[in-house]
Amino acid sequence: MSSNTLDNGFFYAIHAKPENSDKIELRLMIKSGSFSETDAQSGYAHLLEHMAFNGTKNFPKLKIVELFEKSGLTFGHDINAYTSFDETVYSFSIPKDNTQLLADTLLYLRDILTDIELEQHELDKEKGVVENEYHQSTQQEKSYYYALFDDYIENSEYQRRLPIGTLKSINNSTVASINTFYKDWYRPDNARLVIAGDVDSESTTQLITALFSTIETSQNTKQQPVLTPPALKTATQIYSSKVINFSQTDLYFEVPMLKITNSEGISHSLKLNMLDQLFNYRLNAANNQRAQPFHKVGLFYNSFLSNKGFENIYVSHQKNESQQAVKFIAQELARIHQHGFSQAEYQQQLIQIKSAQAELSTIYSNKNSQQLADEVINAWSSGSIEYTLENEQRAYQLLLATVSLEELNQFAKTLINSPHKMTFATPYQAKKPDVLAADKIFADAINKPINNIAIEIETLTLPIVTKSGGTSKIDSERFDTDTQITQWQLSNGVSVVLQPDHSVKNTINMSFTAPGGINSFTKKQRAANYLLINSYMNSGLAGVSAQAIQQQFNQERIDMMPVIEANNHGFNLYSINEPKSLELLFSMLYSSVTNASVNEQIFALEKKGSIEHLQNNLALPTTATWIKVNDILFPNNPQQKRISAKELAEVQQSDVERLYQTLFNNVNGYKLTIVGDFDTAQLKPLILQYVASLPKGKNNTFDHPTQSLITKTTMLNETSYPQDNGQVLFYTVTDTPNQGIKQVYQAELMQAIISKTLTKIVREQLSLTYSPYVMVRDQAAGQAFTQVMIELITKVEDVEQTQQVVDSIISDLLTNGITEAQLNENKKTITQDLAYSLNESPNKQWLLHRDHLFNYALGSTEDALAIFDSISVADMNQFIRTYLDPTKTLRFINTPQL
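Just add 927 to the spot in the sequence shown (first one is 1) and you have the working numbering.
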């Protein structure tokens, strides 16, 4: 890393890190957020951030769009910005091999700092965009965490200085008033630039110096005020609204914010992380010893503000269990306060720390340019040092040399004695907890002497799979020298694809899934599926509890997650490249297929909780609306009909077990795709021992009943939207199965084209909405329909105009189609993104497994450019006409109830 401060006060840093990523990341940070504003300027920092994209001296108006879109970049993905209380940050992600674009981007950043062109017409347009964003970000029916934050900052300077501002101030803004704010705060001495990625440090330094050193030194010495965050209000509170559908009890402890300035500070933060993990393990162990465990418990660090921190103990439970949750929290805190954590618990966390220490070099080696740039901005924002491999290694050494159980137990006592606040999330229309009773229960339990409990630290023993003798488990084998892909067909019907890729060091990503999934289920199986994954995961495996398994997984740096999707099912897996870790992962996969079982008590709890969750959702006003939408899109379609509480109540444990056996006990037709930092010869013995020996059974295939879909244009108007906005939705479904991978890319192109068109017209020209959402899903094997969804959130008074404008855009697409220029522009964007994805093994693995699962040509992603070249304007116009069939479209408006 190199850095310098120019004579005019402008500071820059360059992280020139050679890597496989093809992106260079740039961040311009202005130390000015909403705290810089006066009452009359409320929202100006954010409004000015928007104006920076509407024209500058060297890039007037649409020249900014041309600059980036001609290079295959998109706004929101590659070009973005945000405004907070403390700062405004502009973010750019550009190709590393385009030196002219780097120079142009730096010139644009210089323009942002000194030469944004403020024109009244552009300002008036942007006011509409910001006003819509205001309505989107301001909740009338508050979600739980929104309500918590809202109450925390109530009557404080933070509430008066929210970055979104006030509508009055935004609407009263003028070019002159915005310009005054601009000149006050956008100054070289109040800005910082970081560039990260595979750049030439010397030439980049020359570019920065040439562009930014010519900015005159500002005579303005204004400093943004530093505000004291509000104190935690300790009165117990209950939150319920039309969008809250769960029951939860939380206890928040106010803790000092850490400003880390050296390795000692990092070491101290690591000790606090150890404390968090000790709390988490203890809370979960104590919960598991209950006759009726809660759904989920834990502790995590929560930062409501950049300079204010809280430790948050939470208990997720059923709606009649709030008092039990309060007592549980208080008793466990009393137990920890009186007896502390045990030596065994402490030693377990030391093992985790040593495991993390061993991975430090790999973690730093694998950091990409985006991570580096974001970490620098976070350090600048918080006033802490930037972490480096050297100072973090030193911190771990200090930690292991100085940490003790006595010190962590003292930390725990200090935390428990800190100011705290208890809160409850209560589902809509459910009975609210008795606050006075809850406070009394907590006060009585936390001050009462309590016996210690025995915490058993379980160990996990590898299952041993006996290798069969005599015959090979590989029926056929193939190796492609161009792609370095090895293919094996195992005798039990499993197809294996391996591709070594060393772009991300010491990591291996895998998918082991089969055709099938939810679309092939009967209605009874769909109800059983509602309970399946959590019932099995929370029951443990091979005689070991779920908590112990997760602890061991964390220690060995592995993960395994069962998945049941619409058209496939199986497992996603991850491991570092260490023999012990890989052995554990493959043996756990073997046990999951051959030896998994459901604990009777776990199943009963999961069923009870799921029924309540379903009932909570049904009580929400929006649920009835979405049932209507579903019935219109899928008339008389049992496959898409919502599972009822009665149907869920009828599910027996044996139903769940039979479904698990159907999905996971027969591996014939499964596809195993492995990409990462490994040698094929290294994995072969593990695959032969743990995968080739799995039971073959019935073949897994793509199979689903024909489904009933919408057949006529339909209009629906509802009044159940929970916020003070209008929702405009267009939804089209058709039965158009893919003929090959070409349709996958056509769907991506269609999504990009519509999204870009809507953004330019509906947002930028008409200021009707902030960010249109577009989703286009192709009909891969095992899927029953294509889906196109267009959603826009706008002011209530604009919903009809918004719908008319989108109608006009869709009509134009259906009648006139797209142009060659539109097609080529979006081809470039998507192929460029695909190329970036192939430079990191996790993304590469996902794409290769997609091809493997759906029987597309392996390596087709590498050949994406040729596939895109084969897509003509005529192809796309026919595709769009099919996917946007007006006779299969629902047009939907949802507004708040008057």
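Glycine included, C-beta positions come from ideal geometry on N, C-alpha and C. None of these values were measured; they are calculated from a predicted model.
Just to confirm my understanding: we take residue i, look at its own chain, exclude 5 residues before and 5 after, and list those with CB closer than 7 Å. What are they?
{"i": "I1187", "result": "I1193, S1196, S1311 and I1312"}
{"i": "N957", "result": "The amino acid occupying residue 957 in the given sequence is Ile; Asn does not appear at that position. So the list reads E1014, T1015, W1112, Y1113, N1117 and A1118, once near-sequence residues are dropped."}
{"i": "R1453", "result": "I1445 and I1570"}
{"i": "Y1457", "result": "S1537, I1570 and L1575"}
{"i": "N1239", "result": "D1177, Y1179, L1226, F1227 and N1229"}
{"i": "K1755", "result": "G999"}
What residue does the alpha helix (DSSP H) around residue i start on, and which one ends it?
{"i": "K1555", "result": "P1548 to L1560"}
{"i": "M928", "result": "That residue, M928, is in no alpha helix (DSSP H); it is neither H nor E in DSSP."}
{"i": "S1128", "result": "S1128 to F1139"}
{"i": "T1521", "result": "P1506 to T1521"}
{"i": "A1252", "result": "S1249 to H1266"}
{"i": "E1319", "result": "L1316 to T1329"}
{"i": "T1809", "result": "V1800 to Y1810"}
{"i": "F1448", "result": "Looking at the DSSP string, F1448 is not in any alpha helix (DSSP H), and its letter there is neither H nor E."}
Drop a sphere of 10 angstroms on the beta-carbon of residue i, count the other beta-carbons inside from all chains shown, and report buried for 16 or more, exposed for fewer.
{"i": "F995", "result": "buried"}
{"i": "N1627", "result": "buried"}
{"i": "R1209", "result": "buried"}
{"i": "S1128", "result": "exposed"}
{"i": "A1523", "result": "buried"}
{"i": "N1495", "result": "buried"}
{"i": "M1464", "result": "buried"}
{"i": "E1483", "result": "buried"}
{"i": "A1801", "result": "exposed"}
{"i": "L1825", "result": "exposed"}
{"i": "N1436", "result": "buried"}
{"i": "Y1241", "result": "buried"}
{"i": "I1384", "result": "exposed"}
{"i": "K1639", "result": "exposed"}
Looking only at its own chain, which residues have a Cβ that is under 6 Å from the Cβ of residue i, when we skip the five neighbours before and after it?
{"i": "G1397", "result": "A caution first: G1397 carries a pLDDT of 45, below 50, which makes its placement in the model unreliable, though a value can still be read off. Contacts found: none."}
{"i": "F1819", "result": "L1643 and L1656"}
{"i": "S916", "result": "This structure cannot settle anything about residue 916, because the visible part of the chain is limited to 928 through 1825."}
{"i": "S1395", "result": "Low per-residue confidence applies at S1395: pLDDT is 44, beneath 50, and the placement is therefore not dependable enough to give any value."}
{"i": "R1489", "result": "Checking the displayed sequence, the identity of residue 1489 turns out to be Pro instead of Arg. Hits under 6 Å: I1460 and F1498."}
{"i": "L1695", "result": "V1689, T1721, D1725 and T1729"}
Opposite residue i in the DSSP bridges: which residues?
{"i": "Q1416", "result": "S1403 and S1422"}
{"i": "L1232", "result": "K1235"}
{"i": "S1438", "result": "N1499 and T1600"}
{"i": "E1645", "result": "N1821"}
{"i": "K997", "result": "In DSSP, K997 forms no bridge with anything."}
{"i": "T1350", "result": "Q1164 and D1177"}
{"i": "P1427", "result": "G1603"}
{"i": "P1090", "result": "Its beta-bridge partners do not exist; DSSP assigns none."}
{"i": "T1633", "result": "Answer is none; T1633 lacks a bridge partner."}
{"i": "P1664", "result": "Q1706"}
{"i": "T1148", "result": "DSSP lists no partner for T1148."}
{"i": "T1696", "result": "T1721"}
Residue i lies in the beta strand (DSSP E); which residues open and close that run?
{"i": "G911", "result": "Look at the range of the chain in this structure, 928 to 1825, and you will see that residue 911 is not part of it."}
{"i": "A1364", "result": "Note, A1364: premise wrong, no beta strand (DSSP E); alpha helix (DSSP H) at V1362 to I1373."}
{"i": "L1719", "result": "T1713 to T1721"}
{"i": "A1118", "result": "A1118 to G1124"}
{"i": "V1102", "result": "Taken as a continuous stretch (DSSP letters only), V1102 belongs to no beta strand (DSSP E), being part of the alpha helix (DSSP H) at V1102 to W1112."}
{"i": "Y1700", "result": "Y1700 to R1704"}
Given residue i, which residues of its chain have a CB within under 8 Å of its CB, disregarding the five upstream and five downstream residues?
{"i": "R1037", "result": "L1138, F1139 and I1142"}
{"i": "P1622", "result": "N1419, V1520, T1521, N1592, N1593 and V1594"}
{"i": "H1540", "result": "N1172 and F1173"}
{"i": "N1766", "result": "N947, S948, D949 and S1430"}
{"i": "A1455", "result": "V1578, D1582, V1583, R1585 and L1586"}
- Task: Mind listing, in chain order, the continuous beta strand (DSSP E) runs of no fewer than 3 residues lying wholly within the stretch 1450 to 1502?
- Result: The stretch 1450 to 1502 contains, as complete beta strand (DSSP E) runs of 3+ residues, the segments 1485 to 1491 (chain order).
- Item | Complete alpha helix (DSSP H) runs within the stretch 1000 to 1086 (minimum length 4 residues, chain order) | 1026 to 1041, 1047 to 1064 and 1071 to 1080
- Message: In chain order, what are the residue ranges of uninterrupted beta strand (DSSP E) at least 3 long that sit wholly in the stretch 933 to 981?
- Response: 938 to 943 and 950 to 957
- Task: Please specify which runs of the alpha helix (DSSP H), each continuous and at least 4 residues long, are wholly inside the stretch 1737 to 1792, giving them in chain order.
- Result: 1747 to 1764 and 1768 to 1780
- Can you list the beta strand (DSSP E) stretches of 3 or more residues lying completely in the stretch 1173 to 1243, in chain order? With a minimum length of 3 residues, the continuous beta strand (DSSP E) runs that stay inside the stretch 1173 to 1243 are 1174 to 1182 and 1223 to 1232.
- Item | Complete alpha helix (DSSP H) runs within the stretch 1560 to 1594 (minimum length 4 residues, chain order) | 1572 to 1576 and 1580 to 1591
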